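Beneath this line is the structure, given in structure tokens, with notes to follow.
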Amino acid sequence: MILDCLGKRCPLPIIELAKVLTDKPIGFKVTLLSDDPASAPDLIAWARMTSNSTETGEPDTFYIVKLAN
Amino acid sequence: MALPHIFEAAWPDPSKLGADSKSAALLLNEARETFAGHLGVRSDEINFLGEPNLGFHLGISGLISEQNQFIFSNIDRMEVFALSEIHRSKMLSVEGTGQISFSDLERTDVACLQLCNRETGIIQSSRPANISGLFIDATASGTRIALPENWSTALWDSTTWAGPSGMGIFAVSKGANWKNPLPHLDGRINPGPASLPLIVASALAIDSWVADEKNLAAKIAAINTDIRNYITANIPDSDLAPGGADHLISASFLYVNAEQLVTKLADRGYPVDSGSACSASNMQPSHVLAALGVLTQGNIRLTIHHVTTFEEVKDFLEILSQTITELRS
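For the protein sequence lines, the chains are A and B, in the order given. Counting in our numbering, the first sequence runs from 11 upward without gaps. Counting in our numbering, the second sequence runs from 636 upward without gaps.
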């Protein structure tokens with residue numbers, strides 16, 4: 011799925027991402043669109059803290075895979 | 636001496652003739668000796684700056700000519716980043732622990748060494764060697780960390796020893812290959828006379844601060860451990876930045892808006908700083924936290940002062956925990 015958080019400021023994109031992932035199975039993939047300057051560093055920190063995976067794609071585009079509940 | 640008395644005694648221009656000016660000149664010399672003793676430099680290497688951050692340009696650009704490359708790191712201060720734009724520069728990246736590897740430097744390089752990072756307290760352990768010039772950013776370490784032997788220029792900020800703001804101390808080592816980068820006609824290093832009353836006030840402050848620090852260092856270290864342990868054990872989804880200097884802690888909390896957190900803590904009597912984008916004037920997250928891979932959202936920076944008590948910290952931590960729970964719900 012695509013989660014469009016363009017125009018939303020920190021910490022909203024990561025809060026919305028966490029909400030979306032709550033009831034999803036392991037392996038679920040989300041493409042997060044965010045132009046907030048904190049999203050790039052914070053998605054890396056979020057993935058480390060919550061044992062999930064994130065990769066940066068084109069500008070403002072992040073590929074997230076749910077790896078933990 | 637209380638501040639109004641300092642202003643009465645130190646108003647004359649110490650460079651003029653006359654009895655009043657002579658006593659002002661004596662005050663200035665005494666202050667110079669006081670700083671030299673605490674900072675580990677010669678008194679004739681000391682210059683006072685009314686604009687502390689001007690010392691970054693004086694200290695760095697003064698060491699660089701066309702053949703030199705400027706080496707700095709991604710956790711240096713923004714003032715250093717700005718200077719890297721006007722010189723041929725190379726940025727080093729810190730490891731996750733915040734340490735910088737200064738190997739592979741060339742003899743013609745000029746490096747900036749930040750003894751202590753003012754956001755996180757990270758203390759650099761490596762020392763650049765065999766280079767053309769070494770600028771020391773001591774604006775967060777103050778008197779806590781000694782200068783390396785091969786320093787060329789160094790900058791301190793009076794606020795680190797609880798002295799007045801608007802007072803920087805800039806030193807040029809006698810052996811340094813340094814040229815004044817500012818327009819100048821004479822040998823003076825700082826462009827304007829700094830305020831003598833502020834210099835005297837800062838000298839009094841550094842004397843009492845150093846004496847207190849000896850007695851209070853163990854308490855501050857214990858409070859630092861208490862805070863780190865409490866956050867790790869009691870606040871879920873928290874991320875502590877690597878530290879070093881005991882008086883500084885930077886902590887981030889997932890799913891928390893830092894602006895709301897800082898405002899609520901201030902309302903409850905606890906003024907804290909933040910490195911999050913939403914609390915920054917330029918809306919950018921802290922480049923230090925980003926370089927370290929530490930979460931930048933929901934960030935607060937704590938400073939443990941000499942007067943901070945264990946009871947105060949215990950109350951603060953409970954309020955911090957409550958406030959974060961409120962903001963997350």
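In this text, a Cβ means the ideal position worked out from N, Cα and C, and glycines have one as well. Just so you know, these numbers come straight off a predicted model, no measurement behind them.
Determine the closest residue to residue i out of the options, with distance taken between C-alpha atoms.
{"i": "leucine 952 (chain B)", "options": "B:Leu927, B:Val923, B:Gln919, B:Asn859", "result": "B:Asn859"}
{"i": "lysine 809 (chain B)", "options": "B:Ser914, B:Trp844, B:Arg677", "result": "B:Arg677"}
{"i": "serine 837 (chain B)", "options": "B:Ser921, B:Arg667, B:Phe888, B:Arg936", "result": "B:Arg667"}
{"i": "leucine 662 (chain B)", "options": "B:Ser914, B:Ile834, B:Trp786", "result": "B:Ile834"}
{"i": "isoleucine 721 (chain B)", "options": "B:Phe691, B:Gly798, B:Gly653", "result": "B:Phe691"}
{"i": "isoleucine 766 (chain B)", "options": "B:Thr774, B:Ile884, B:Phe705, B:Gly904", "result": "B:Phe705"}
{"i": "glutamate 686 (chain B)", "options": "B:Ala829, B:His940, B:Tyr890", "result": "B:Ala829"}
{"i": "glycine 878 (chain B)", "options": "B:Gly756, B:Thr743, B:Gln749, B:Glu848", "result": "B:Gly756"}
{"i": "serine 708 (chain B)", "options": "B:Leu889, B:Leu875, B:Ser736, B:Leu831", "result": "B:Ser736"}
{"i": "alanine 764 (chain B)", "options": "B:Thr774, B:Leu748, B:Ile758", "result": "B:Leu748"}
{"i": "glycine 672 (chain B)", "options": "B:Ser700, B:Glu714, B:Gly777, B:Ala645", "result": "B:Gly777"}
{"i": "alanine 811 (chain B)", "options": "B:His640, B:Glu680, B:Ile641, B:Asn850", "result": "B:Glu680"}
{"i": "serine 724 (chain B)", "options": "B:Ile710, B:Leu896, B:Ile699", "result": "B:Ile699"}
{"i": "lysine 854 (chain B)", "options": "B:Ile870, B:His882, B:Tyr865", "result": "B:His882"}
{"i": "alanine 746 (chain B)", "options": "B:Ala775, B:Phe716, B:Gly822, B:Gly733", "result": "B:Phe716"}
{"i": "aspartate 648 (chain B)", "options": "B:Ile695, B:Leu831, B:Gly733", "result": "B:Leu831"}
{"i": "isoleucine 739 (chain B)", "options": "B:Ser921, B:Met726, B:Lys899", "result": "Note on identity: in this sequence residue 739 (chain B) is aspartate, with isoleucine being the wrong assignment. Considering only alpha carbons, the answer is B:Met726."}
{"i": "cysteine 913 (chain B)", "options": "B:Gly933, B:Leu900, B:Val923, B:Ala925", "result": "B:Gly933"}
{"i": "isoleucine 623 (chain B)", "options": "B:Tyr865, B:Gly768, B:Pro799, B:Gly675", "result": "This structure gives no information on residue 623 (chain B), because the portion of chain B shown stretches from 636 to 964."}
{"i": "serine 650 (chain B)", "options": "B:Glu643, B:Ser658, B:Ala644", "result": "B:Ser658"}
{"i": "aspartate 950 (chain B)", "options": "B:Leu962, B:Val923, B:Leu900, B:Val807", "result": "B:Leu900"}
Is it buried or exposed, residue i, if we count other Cβ atoms within 10 angstroms and call 16 or more buried?
{"i": "proline 51 (chain A)", "result": "buried"}
{"i": "methionine 802 (chain B)", "result": "buried"}
{"i": "histidine 819 (chain B)", "result": "exposed"}
{"i": "glutamine 957 (chain B)", "result": "exposed"}
{"i": "alanine 964 (chain B)", "result": "Residue 964 (chain B) is actually serine in this sequence, not alanine. Label assigned to serine 964 (chain B): exposed."}
{"i": "serine 843 (chain B)", "result": "exposed"}
{"i": "phenylalanine 72 (chain A)", "result": "buried"}
{"i": "valine 942 (chain B)", "result": "exposed"}
{"i": "serine 921 (chain B)", "result": "buried"}
{"i": "glycine 731 (chain B)", "result": "exposed"}
Is the beta carbon of residue i sitting closer than 8 Å to the one on residue j?
{"i": "threonine 931 (chain B)", "j": "serine 911 (chain B)", "result": "yes"}
{"i": "arginine 779 (chain B)", "j": "alanine 857 (chain B)", "result": "no"}
{"i": "serine 61 (chain A)", "j": "valine 75 (chain A)", "result": "no"}
{"i": "alanine 893 (chain B)", "j": "serine 873 (chain B)", "result": "no"}
{"i": "isoleucine 841 (chain B)", "j": "phenylalanine 683 (chain B)", "result": "no"}
{"i": "aspartate 792 (chain B)", "j": "arginine 712 (chain B)", "result": "no"}
{"i": "serine 49 (chain A)", "j": "proline 23 (chain A)", "result": "yes"}
{"i": "alanine 55 (chain A)", "j": "valine 929 (chain B)", "result": "yes"}
{"i": "glutamine 895 (chain B)", "j": "proline 47 (chain A)", "result": "no"}
{"i": "arginine 863 (chain B)", "j": "aspartate 908 (chain B)", "result": "no"}
{"i": "cysteine 751 (chain B)", "j": "alanine 781 (chain B)", "result": "no"}
{"i": "aspartate 45 (chain A)", "j": "glycine 17 (chain A)", "result": "yes"}
{"i": "alanine 876 (chain B)", "j": "leucine 927 (chain B)", "result": "yes"}
{"i": "isoleucine 954 (chain B)", "j": "arginine 903 (chain B)", "result": "yes"}
{"i": "tyrosine 890 (chain B)", "j": "proline 21 (chain A)", "result": "yes"}
{"i": "threonine 788 (chain B)", "j": "valine 807 (chain B)", "result": "yes"}
Based on the DSSP output, what are the partners of residue i in its beta bridges?
{"i": "tyrosine 905 (chain B)", "result": "Paired residue(s): none; tyrosine 905 (chain B) is not in a bridge."}
{"i": "leucine 790 (chain B)", "result": "B:Asp772, B:Phe805"}
{"i": "methionine 726 (chain B)", "result": "B:Phe707"}
{"i": "glutamine 932 (chain B)", "result": "According to DSSP, which records beta bridges pairwise, glutamine 932 (chain B) is partnered with nothing at all."}
{"i": "cysteine 747 (chain B)", "result": "B:Phe770"}
{"i": "alanine 886 (chain B)", "result": "B:Leu875, B:Ile935"}
{"i": "isoleucine 681 (chain B)", "result": "B:Ala806"}
{"i": "isoleucine 74 (chain A)", "result": "A:Val40, A:Thr64"}
{"i": "aspartate 14 (chain A)", "result": "A:Leu43"}
{"i": "glutamate 758 (chain B)", "result": "According to the sequence displayed, residue 758 (chain B) carries isoleucine and not glutamate. DSSP, once it has assigned bridges, lists B:Cys751 as partnering isoleucine 758 (chain B)."}
Please indicate yes or no: does the CB of residue i lie closer than 7 Å to some heavy atom of the ligand NAD?
{"i": "lysine 18 (chain A)", "result": "The ligand content of the structure shown is nil, which means the ligand NAD is not present either."}
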